[in-house]
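Asks: This is the structure I want to talk about, given as structure tokens.
Residue numbers (the working numbering), protein chains in the order written: chain A, 174 to 374; chain B, 174 to 374.
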């Protein structure tokens with residue numbers, strides 16, 4: 174399980190779409206949210222769009238592995254889908270914001286946390302404005318939120334600078350796949366080898 | 174700085190040569206040793222071959238960043254060359270055995286430790302015999318040593334299974350390059366970005 178977070182406007186969405194399209198070992202966890210759909214966003218594909226009441230019911234019945242409030246809306250990760258995809262051997266990507274990411278890491282310490290950043294602050298502002306889907310007031314809110322988030326970047330495992338998107342996709346894939354070879358993620362293999370070697374004693 | 178270790182006969186040497194040949198960001202630290210040259214090995218290229226007296230003099234004058242004894246011989250890492258290559262921005266590879274590797278990690282905690290293993294015990298024995306450069310007695314010594322080493326694999330960061338060499342080379346390169354994106358290795362970048370973002374306050 175891995176989490177991709179990043180300031181609004183860093184191109185997390187594009188990165189995640191490209192990973193899913195280019196490689197077949199990934200599955201994307203679809204989040205539930207109370208925010209309104211942006212143009213082109215589909216229920217059950219980009220998000221499960223919920224009313225506040227529906228969302229609060231999901232919290233109560235423990236259908237979410239984490240949830241958080243972010244700029245006046247709820248966001249959460251439905252449990253069922255994640256568990257199913259992990260069982261299929263997929264690397265399950267959670268594209269969630271920082272509060273949720275840190276809660277996930279606490280509950281599931283094996284989770285890999287990646288944080289996507291722009292090459293610099295001006296690029297971030299330009300991308301947010303260029304998106305053209307938010308009011309100036311919301312853009313300001315998102316930039317303020319980004320400033321707060323910089324304080325917690327050190328809680329993440331990897332930092333991915335999104336300058337050129339293709340390069341960023343390749344880099345991110347390499348990071349995720351390399352993590353599979355961490356010694357701690359291969360305890361079983363090491364133990365089998367240890368037993369196997371004993372025949373030379 | 175990174176260390177590649179592994180049981181004798183796992184193909185560490187081939188792996189390291191391929192990394193140096195295929196990519197231009199690596200430099201190999203040449204070790205000093207008291208063991209005799211194998212056929213084709215050149216002084217100053219594969220090792221600096223030293224007498225016991227010369228080696229002990231290097232220890233006394235602190236010309237080695239680490240040294241260890243392994244199957245009756247001394248092995249050590251001369252300091253000068255490593256520091257020079259790091260200053261050039263290279264990823265400096267130390268192909269050293271486990272004792273030395275763990276000492277290096279203690280002294281320089283940022284060092285990345287990779288351990289190369291065979292897919293299974295039989296493959297290891299077959300490769301050691303196939304090399305045809307050691308007596309059966311030495312092969313037995315090396316296998317016993319390998320059994321001891323399995324206990325310390327968990328002190329390493331990454332495990333690389335050398336089954337197909339080409340795949341192993343690519344995987345190892347991806348692991349090493351991905352490590353450059355660890356958040357802890359990018360403190361300076363994060364601090365610059367944090368300062369840069371403050372202008373949106």
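Heads up, the beta-carbon is just placed ideally off N, CA and C, and yes, glycines get one too.
Report yes or no: do the region 176–188 of chain A and the region 281–296 of chain A share at least 3 C-beta pairs separated by less than 8 Å?
Replies: Output reads yes: the region 281–296 of chain A touches the region 176–188 of chain A.
Asks: Who are residue 334 of chain A's beta bridge partners in DSSP?
Replies: Looking at the DSSP assignment, residue 334 of chain A forms a beta bridge with A:290.
Asks: Does DSSP classify residue 198 of chain B as helix, strand or coil?
Replies: If DSSP states are grouped into helix, strand and coil, residue 198 of chain B belongs with coil.
Asks: State yes or no: is the beta carbon of residue 367 of chain B nearer than 7 Å to at least one beta carbon in chain A?
Replies: Chain A contact via Cβ: present.
Asks: Taking Cβ positions, are residue 326 of chain B and residue 365 of chain A nearer each other than 7 Å?
Replies: Against a cut-off of 7 Å, the Cβ pair of residue 365 of chain A and residue 326 of chain B comes out as no contact.
Asks: Can you tell me which residues form a DSSP beta bridge with residue 274 of chain A?
Replies: In the DSSP output, where bridge partners are listed per residue, residue 274 of chain A has none listed.
Asks: So residue 269 of chain B packs on residue 190 of chain B, CB below 8 Å; how close in whole Å?
Replies: The pair is not a contact, with the Cβ atoms about 16 Å apart (cut-off 8 Å).
Asks: Using CA coordinates, which residue listed in A:285, A:215, A:306 is at the minimum distance from residue 331 of chain A?
Replies: Taking only the C-alpha atoms, the option nearest residue 331 of chain A is A:285.
Asks: Could you tell me the distance, in whole angstroms, from the CA atom of residue 342 of chain A to the CA atom of residue 230 of chain A?
Replies: Answer to the nearest angstrom: the Cα atoms are 37 Å apart.
Asks: Taking just the CA atoms, how far does residue 279 of chain B sit from residue 258 of chain A?
Replies: When rounded, the distance between both Cα atoms is 39 Å.
Asks: What runs of the alpha helix (DSSP H), each 4 residues or longer, lie entirely inside the region 301–357 of chain A?
Replies: DSSP runs (the alpha helix (DSSP H)) wholly in the region 301–357 of chain A: 309–323, 338–352.
Asks: Check whether the Cβ atoms of residue 273 of chain A and residue 241 of chain A lie closer than 7 Å to each other.
Replies: Their beta carbons are under 7 Å apart, which means residue 273 of chain A touches residue 241 of chain A by this criterion.
Asks: What does the alpha-carbon distance come out to for the pair residue 267 of chain A and residue 361 of chain A?
Replies: Approximately 26 Å, taken between the alpha carbons.
Asks: Is residue 206 of chain A helix, strand or coil by DSSP?
Replies: In the structure shown, residue 206 of chain A sits in a strand (DSSP, three-state: E or B).
Asks: Can you give me, in chain order, the residues of the region 263–278 of chain B that have a beta carbon less than 9 Å from any beta carbon in chain A?
Replies: The residues in question: there are none.
Asks: Taking C-alpha atoms, which residue in B:195, B:205, B:176, B:311 lies nearest to residue 339 of chain B?
Replies: Out of B:195, B:205, B:176, B:311, B:195 has the C-alpha closest to the C-alpha of residue 339 of chain B.
Asks: For the alpha helix (DSSP H) that contains residue 242 of chain A, what are its first and last residues?
Replies: Premise fails: residue 242 of chain A lies in the beta strand (DSSP E), 237–243, not in any alpha helix (DSSP H).
Asks: Looking at residue 323 of chain A and residue 367 of chain B, is the spacing between their C-beta atoms short of 7 Å?
Replies: Going by C-beta atoms, residue 367 of chain B is nearer than 7 Å to residue 323 of chain A.
Asks: Tell me the rounded alpha-carbon separation between residue 316 of chain A and residue 296 of chain A.
Replies: Each residue's alpha carbon lies about 12 Å from the other.
Asks: Provide the residue span of the alpha helix (DSSP H) that contains residue 266 of chain B, from first to last.
Replies: Looking at the DSSP string, residue 266 of chain B is not in any alpha helix (DSSP H); the run it does join, the beta strand (DSSP E), is 264–267.
Asks: For residue 205 of chain B, count neighbouring Cβ atoms within 10 angstroms of its own Cβ and tell me buried if that reaches 16, exposed if not.
Replies: The residue is buried, with at least 16 neighbouring Cβ atoms inside 10 Å.
Asks: Give the DSSP bridge partners of residue 281 of chain A, in chain order.
Replies: Its beta-bridge partners do not exist; DSSP assigns none.
Asks: Is any beta-carbon of chain B found at less than 7 Å from that of residue 323 of chain A?
Replies: Yes - at least one Cβ of chain B is within 7 Å of the one on residue 323 of chain A.
Asks: So which of A:333, A:354, A:312 has the shortest CA-CA distance to residue 374 of chain B?
Replies: Ranking A:333, A:354, A:312 by Cα distance to residue 374 of chain B puts A:312 first.
Asks: Quick one: is residue 326 of chain A near chain B, going by C-beta distance under 7 Å?
Replies: Interface residue, yes.
Asks: Mapping DSSP to helix, strand and coil, what is residue 178 of chain B?
Replies: If DSSP states are grouped into helix, strand and coil, residue 178 of chain B belongs with the strands.
Asks: What is the residue span of the beta strand (DSSP E) that residue 228 of chain A lies within?
Replies: Note, residue 228 of chain A: premise wrong, no beta strand (DSSP E); alpha helix (DSSP H) at 225–233.
Asks: Exposed or buried, what is residue 298 of chain A when buried is set at 16 or more other beta-carbons lying within 10 Å of its beta-carbon?
Replies: The residue is buried, with at least 16 neighbouring Cβ atoms inside 10 Å.
Asks: Going by alpha carbons, who is nearest to residue 387 of chain A out of A:239, A:261, A:244?
Replies: Here chain A has residues from 174 to 374 only, and residue 387 of chain A is not among them.
Asks: Quick check on the DSSP output: the beta strand (DSSP E) that includes residue 362 of chain A runs from which residue to which?
Replies: No beta strand (DSSP E) contains residue 362 of chain A, which is instead part of the alpha helix (DSSP H) from 360–370.
Asks: Go ahead and label residue 351 of chain B buried or exposed: buried means 16 or more other beta carbons lie within 10 angstroms of its beta carbon, across all protein chains shown.
Replies: Buried.
Asks: Hey, out of B:264, B:213, B:282, B:243, whose CA is closest to residue 328 of chain B's CA?
Replies: Selected option, being the one with the closest Cα: B:282.
Asks: Is the Cβ of residue 335 of chain B closer than 7 Å to any Cβ of chain A?
Replies: With 7 Å as the cut-off, residue 335 of chain B does not count as an interface residue toward chain A.
Asks: Secondary structure at residue 183 of chain B, three-state DSSP: helix, strand or coil?
Replies: Three-state DSSP puts residue 183 of chain B in coil, outside helix and strand.
Asks: By how many angstroms is the C-alpha of residue 192 of chain B removed from the C-alpha of residue 199 of chain B?
Replies: Cα-Cα distance, rounded: 7 Å.
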